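Per the numbering used here, the sequence shown starts with residue 10, numbered consecutively. Note that the Cβ used here is the ideal one computed from N, Cα and C, for glycine as well. If you're wondering where the values come from, they're calculated on a predicted model, not measured in any experiment.
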Amino acid sequence: MSSGTSDRKTRPATLTDLARKKTAGEPIVMVTAYDHPSALIADEAGVDMVLVGDSAANVVLGYDSTVPVTVDELLMLTRAVRRGLRSAFLVSDLPFGSYEASDADAVHTAQRFVKEGGADAVKIERGGATVERARAIVHAGIPVVGHVGLTPQAATSLGGYTVQGRTADQAERLIRDALDLEAAGCFAVVVEAVPAPVTELLIERLSCLTIGIGAGGSTDGQVLVWHDLLGIGTGRVAKFVRRFADLRGEMVRGVGEYAAAVRDRSFPASEHTYGIAVEELETLVERLNTAR
Ligand code: KIV
């Protein structure tokens, strides 16, 4: 299943369904979503996985990085998305600062996203200490997605929002991180902004699912940010983004027409207006006049 509604599953997707797709060589479609209507649309369009990404910080909450977003903010968005999904598999990002310090923190936060948010799995960024956090969360019975390459929570230490793995040293470290995350029990790894040949070397060595974003076409699936693919956001988008629609233009046009219609009093028209029976109105006027 890749698009359209005709072959849509009507039961929640499982890890087994996702693994089957990999075995069958069927690309896995993942998209971010942050609210209920978007979740309904993603599900109806037949995507396989929905990510409540901490990119919500940038694209819906107006922060200038993913660092400030809180557990409570992402939990609220996760609950809204959960209520809109019937079949897609739901993954939520654990925000920066909510899982790194200890295994106990990591398990506690992941449990909140599953228990209070309704997530099927959680995603955490980078290798290093994160590998142990991934292991602890998996050990607690929660499926985990790793994330290597450009990991926005660490953008400052990575030198900004730039391609990762362009030197042999960097690429080797990135491949090792992904292998460590798989060994820790991650069922999938997101690979972001990595040269395609490095991704190919990575997936030759990895058996878990790989979901790419700016990592070429060899991964098991692709993910894009909702606002990027639909053309809702403003400003520069990364090289790896393809805009499949220009909704922002359409939204500005619609709101502009609404504003014009209010100003020239063509809205609301009679068809948007409620009436009242003549006798009720007459009675009301009479009462008001008597009460004067
Ligand atoms: O937060 C996010 O949207 C992500 C995707 C870019 C993978 O992590």
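- Of ALA180, THR176, GLU134 and ALA145, the smallest CA-CA separation from THR160 is found for GLU134.
- In the same chain as GLY127, and ignoring 5 residues on each side of it, the C-beta atoms closer than 6 Å to its own belong to ARG91, in chain order.
- With a cut-off of 8 Å on Cβ pairs, the stretch 231-244 is in contact with the stretch 252-268, counting three or more such pairs.
- Closer than 7 Å to some heavy atom of the ligand KIV: that does not describe the Cβ of THR243.
- Put simply, the backbone Cα of THR23 is about 22 Å away from that of THR118.
- GLY168 and GLU209 have their C-alpha atoms roughly 24 Å apart.
- DSSP places GLN231 in the uninterrupted beta strand (DSSP E) bounded by 230-233.
- In the three-state reduction of the DSSP assignment, THR171 falls in the coil class.
- In the three-state reduction of the DSSP assignment, THR41 falls in the strand class.
- At a cut-off of 7 Å, the beta-carbon of GLY126 does not count as near the ligand KIV: no heavy atom of the ligand is closer than that.
- For VAL172 and ILE222, the gap between their C-alpha atoms comes out near 11 Å.
- When the beta-carbon positions are compared, ALA180 and VAL157 stay at least 8 Å from each other.
- Sixteen is the threshold: when 16 or more other Cβ atoms of the shown chains lie within 10 Å of the Cβ of PHE105, as they do, the residue is buried.
- Where GLY221 is concerned, the enclosing beta strand (DSSP E) starts and stops at 218-222.
- Remark: C-beta atoms of ARG121 and LEU84 approach each other more closely than 8 Å.
- A distance below 7 Å between beta-carbons, with the five flanking residues on each side excluded, links ALA51 to the following residues of its chain, in chain order: VAL40, ALA42, VAL59 and ALA97.
- Rounded to whole angstroms, the gap between the alpha carbons of GLY136 and ARG20 is 33 Å.
- The three-state reading of DSSP puts GLY265 in helix, counting H, G and I together.
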